[in-house]
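This report concerns only the one structure given below.
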Amino acid sequence: MTQLLAGRNLALGAEGLAEHVRRLGPLPVPGPSFIEVLERSGLKGRGGAAYQAGMKWRSVEAQSNGAAVVIVNGAEGEPRSLKDRLLMTTRPHLILDGAFLAAKAVRAKQVVLYIGEDHRAAHDSMARALAERTNEERRLVRTVAAPARYVAGASSAAVHLVDAGIATPTTTPPSAHQRGVDGAPTLVQNVETLAQVALIARTGSPTGTHLVTVAGGVSRPGVLEIQSQTTIADAVELAGGPSEPSEAVLLGGYFGTWIRAASAWGLALDHDALRARGLSLGCGVIGVLPGSRCVVCEVAGIMRYLASESSAQCGPCFFGLRALADACTRIAEGGTDHLDLQRLQRWSAEVSGRGACHHPDGAVMFLQSALNTFPEEFAGHRAHLRRSA
Amino acid sequence: MDSNTQDRIQARDAAFRLLNRLTTGAAVAALASVGVLGAVSASTIPGTTTSQTASTTTSASTSTSTSSASSSGLGSSTTPVKSSSSGSGVVVSGGS
Amino acid sequence: MSDTLLWYTTRGAGAVSLVLLTAVVVLGILSALRVQAAGWPRFLTTGLHRNLALMTLVFLALHIITAVVDPFTHLGWLTAVVPFSSSYRTLWLGLGTIAFELLLAIVVTSLARGLIGHAAWRMVHWLTYASWPVAVIHGIGTGTDTLSAWLLVITVACVVAVIAAIGLRLTARPRDPLKEPRTTFQAAVQRPETR
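Protein chains in written order, with this note's numbering: chain A, 1265 to 1653; chain B, 51 to 146; chain C, 4 to 198.
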């Protein structure tokens, strides 16, 4: 069974074009039914939203008159995620294959590599890989640095940067695949999704695997390629096991959901099974919270981060998230005040859906998940004694 | 509760007390002015006595004690949010 | 109660009502400008605006009651609610009735804002803007004291205060609390060379 990370040892760095072709064969030319193949494969985006890739491609192709744009999203703005960088530094040709397949299938005249500006190794690897490609392919491509801000990784922010030189998220509708760069339909796809496409073009079906980043209280944090029947416990074991007993797992990054560790271990990392429980793999980060760290304090810290990452384009997000973060911090640092708990509920409801983009919604869902999963911890939190460092 | 929060709560309380004092002061000044201006108006009409100028009208209570909760509860914080990029407890001690 | 006392009280209360109403208007304008300082948060301006509006109504009531009760004026209670129904200085007094009713409307609708909704309240509040100039004109036209120094000074001071506040409103741009953080963020994510 093919895997994304199959091939040479990852520690050896990027797989060159020759080796890539030797291992997998040359890049197939996508036939007119390739989008149908993609649709039938059921491939979902790996950027966090799990949107059906085939549907996006179908939509862009339908409105494309040869001026469509493909944006390869390697921004990886989620602080704990490493998978996109790993893919870019070790299997760049999988990503480029996927990008050029997309460009042909949706009849795009431009491919933009949107790579996080701090991800130097990934940037260099993609640049070296690009240099190995054909002239025709290289002519299509330009590389653009994604600013190192959380919201800059969002599709609309990527489009906005390429289109207008500023990576602030925009209101949708219209979404990128309807109207994007220069008003043309734009396909924004995560690098992992495109890597899957490169394999689907050769084998007819996706690998059935996902890349996840196991982070936090584990002995060997890092990226794993797992199958849908892999459980969270399996993934944590593969990452060296917990460094200390854990009570909480955050699945899917900062816009993800909290799970009590006891319930989390047996959970299979299968999209549908997770969906049925109101969970999602999101951007693939499995965050194991060490038992010595307090959930309430962690949630407050992450809320402060998300509030500070607001693009300040609308009041509900900028002021709302700040108020929520402050209330969380008051609970974390001073102990629970029932008024603050009420405020968290009230303000969450007032912020949801009122933002110009989905940043505040993600933050509110994160907070709600924490409040629903750890109600006793939030209801009875007491201020900790000062910890050194 | 940190000193920041405490300061803000105290500042809010102080502002409320100021509002009440200003309102009361305005009421007292207004009442007094009715008397003073009444007396002044009396003295500008030639021929009238100014003996009964003290206002004996009962003062109406104007304390409205509006407990104005801040508009929608959002944005009451004025301290800048400290940006902590490693805000998560999920510490990455190394990548692969 | 002495007739002249009633008469002096009417005039005194009328003048005080004008001053209070002027303060209400100025505070309303300052609220729109979102002025604030250390120790003076924005809710202080709006709070004082509301409190003084209620107070204005109280002193207006005093002004109206003493005027109607005063046998010398021959004003019936009707003149307090039906504009232009008095025989004495019909026009000018009628304006006073209108100013009073506009003020009554805003206070009542404010107290019942939960029932009538925000949009209806706002409309009434807009109409209230008219009550101040109408009150000033009523004072000038009805009063026997118009040209006496004390009321002249007070009236002029009130008019100057409101004109100054309006001037401030027209020239000062309201603070956009998002402007600074928005520009800071945009500067961080701007890459004009990518265009």
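All residues carry an ideal CB built from backbone N, CA and C; glycine is no exception. These figures come from a predicted structure and were not determined experimentally.
Per DSSP, which residues does residue i bridge with? Please list them.
i: E1489 (chain A); result: A:L1475
i: V72 (chain C); result: Partner(s): none; V72 (chain C) has no beta bridge.
i: Y1378 (chain A); result: A:N1337, A:V1408
i: L1515 (chain A); result: A:T1521, A:I1550
i: G1480 (chain A); result: A:V1552
i: T1495 (chain A); result: A:A1532
May I ask you to report which of helix, strand or coil DSSP gives residue i?
i: T107 (chain B); result: Residue confidence is low: T107 (chain B) scores 40 on pLDDT, short of 50, so the model does not pin down where it sits. No coordinate-derived value is stated.
i: N1454 (chain A); result: strand
i: Q1606 (chain A); result: helix
i: P1506 (chain A); result: strand
i: W135 (chain C); result: helix
i: T145 (chain C); result: helix
i: A79 (chain B); result: helix
i: S121 (chain B); result: Because S121 (chain B) carries a pLDDT of 35, less than 50, the predicted location of this residue cannot be relied on, and the following value inherits that uncertainty. Of the three classes helix, strand and coil, the one that applies to S121 (chain B) here is coil, per DSSP.
i: S146 (chain B); result: Reliability fails at S146 (chain B), whose pLDDT of 34 lies under 50, so the model's placement of it is uncertain and the value that follows must be treated cautiously. DSSP places S146 (chain B) in coil when its eight states are reduced to three.
i: A40 (chain C); result: strand
i: T1432 (chain A); result: coil
i: Q1442 (chain A); result: coil
i: G170 (chain C); result: helix
i: T1398 (chain A); result: coil
i: Q60 (chain B); result: helix
i: Q1632 (chain A); result: helix
i: Q1460 (chain A); result: helix
i: Q189 (chain C); result: helix
i: N1273 (chain A); result: coil
i: S93 (chain B); result: helix
i: E1641 (chain A); result: helix
i: G88 (chain B); result: helix
i: H1648 (chain A); result: coil
i: H1383 (chain A); result: coil
i: C1621 (chain A); result: coil
i: A1589 (chain A); result: helix
i: G1599 (chain A); result: coil
i: G1468 (chain A); result: coil
i: A1448 (chain A); result: coil
i: R1392 (chain A); result: helix
Show which residues of chain D have a CB atom less than 7 Å away from the CB atom of residue i.
i: P195 (chain C); result: Among the protein chains in the structure shown, which are A, B and C, there is no chain D.
query: Is there contact between the stretch 1346-1362 of chain A and the stretch 1380-1392 of chain A, where contact requires at least three CB pairs shorter than 8 Å?
result: yes
Three-pair Cβ contact test at 8 Å for the stretch 1613-1625 of chain A versus the stretch 65-73 of chain B: no
- prompt: Of the residues that make up the stretch 1559-1588 of chain A, which ones have a beta carbon closer than 7 Å to any beta carbon in chain C?
  reply: S1575, A1576, Q1577, G1579, F1582
field: Whole beta strand (DSSP E) elements within the stretch 1526-1579 of chain A, 3-residue minimum
entry: 1549-1554
- request: Give, in chain order, every residue of the stretch 36-53 of chain C whose Cβ lies closer than 7 Å to some Cβ of chain A.
  value: none
task: Jot down the residue ranges of each uninterrupted beta strand (DSSP E) in the stretch 1290-1375 of chain A, minimum 3 residues, whole runs only, in chain order.
output: 1332-1338
query: Any residues in the stretch 1415-1430 of chain A with a beta carbon nearer than 7 Å to a beta carbon of chain C? Which ones, in chain order?
result: A1416, L1425, V1426, A1428, G1429, I1430
message: With three or more beta-carbon pairs closer than 8 Å as the criterion, would you say the stretch 1641-1650 of chain A touches the stretch 9-29 of chain C?
response: no
task: Note down, one range per segment and in chain order, each alpha helix (DSSP H) of at least 4 residues found wholly within the stretch 75-123 of chain C.
output: 81-84, 93-114, 116-119
query: Which of the residues in the stretch 102-113 of chain C, read from start to end, lie with their CB under 8 Å from any CB of chain A?
result: none
query: Looking at C-beta atoms only, is the number of pairs between the stretch 1329-1344 of chain A and the stretch 1366-1385 of chain A that lie closer than 8 Å three or more?
result: yes
task: Could you name the residues of the stretch 56-75 of chain C whose beta carbon sits closer than 7 Å to any beta carbon of chain B, in the order they occur along the chain?
output: L57, M58, V61, F62, L65
message: Using 8 Å as the cut-off, can you tell me whether the stretch 1311-1331 of chain A makes contact with the stretch 1449-1468 of chain A, which would need three or more C-beta pairs spanning the two stretches below that distance?
response: yes
- request: Select from the stretch 174-187 of chain C all residues with a C-beta closer than 7 Å to any C-beta belonging to chain A, and list them in chain order.
  value: L181, P184, R185
query: Of all the residues that make up the stretch 1333-1349 of chain A, which are near chain C by a beta-carbon distance shorter than 7 Å?
result: none
field: Cβ contact check for the stretch 1502-1522 of chain A and the stretch 1541-1556 of chain A: 3 or more pairs under 8 Å
entry: yes
query: What residues in the stretch 14-38 of chain C have a beta carbon less than 7 Å from any beta carbon of chain B?
result: R14, G15, A16, A18, V19, L23
message: If contact is defined by three or more beta carbon pairs under 8 Å, each pair taking one atom from either stretch, is the stretch 1458-1475 of chain A in contact with the stretch 1290-1302 of chain A?
response: yes
message: Can you pull out the residues from the stretch 1393-1412 of chain A whose beta carbon lies closer than 7 Å to at least one beta carbon of chain C?
response: V1408, A1409, P1411
query: Does the stretch 157-168 of chain C come within contact of the stretch 136-143 of chain C, defined as at least 3 CB pairs closer than 8 Å?
result: yes
- request: Check whether the stretch 1572-1589 of chain A touches the stretch 180-196 of chain C, counting contact only when three or more Cβ pairs, one atom from each stretch, lie closer than 8 Å.
  value: yes
- request: Indicate whether the contact test is met: 3 or more Cβ pairs, each with one atom in the stretch 1591-1599 of chain A and one in the stretch 1557-1566 of chain A, closer than 8 Å.
  value: yes
query: Are at least three pairs of beta-carbons, each pair with one atom in the stretch 1521-1529 of chain A and one in the stretch 1630-1637 of chain A, less than 8 Å apart?
result: yes
message: Pairs of beta-carbons, one from the stretch 1391-1404 of chain A and one from the stretch 167-174 of chain C, closer than 8 Å: are there three or more?
response: no
field: Touching by the beta-carbon criterion (3+ pairs, under 8 Å), the stretch 61-80 of chain C and the stretch 122-135 of chain C
entry: no
- prompt: Between the stretch 107-117 of chain C and the stretch 65-72 of chain C, are three or more C-beta pairs nearer than 8 Å?
  reply: no
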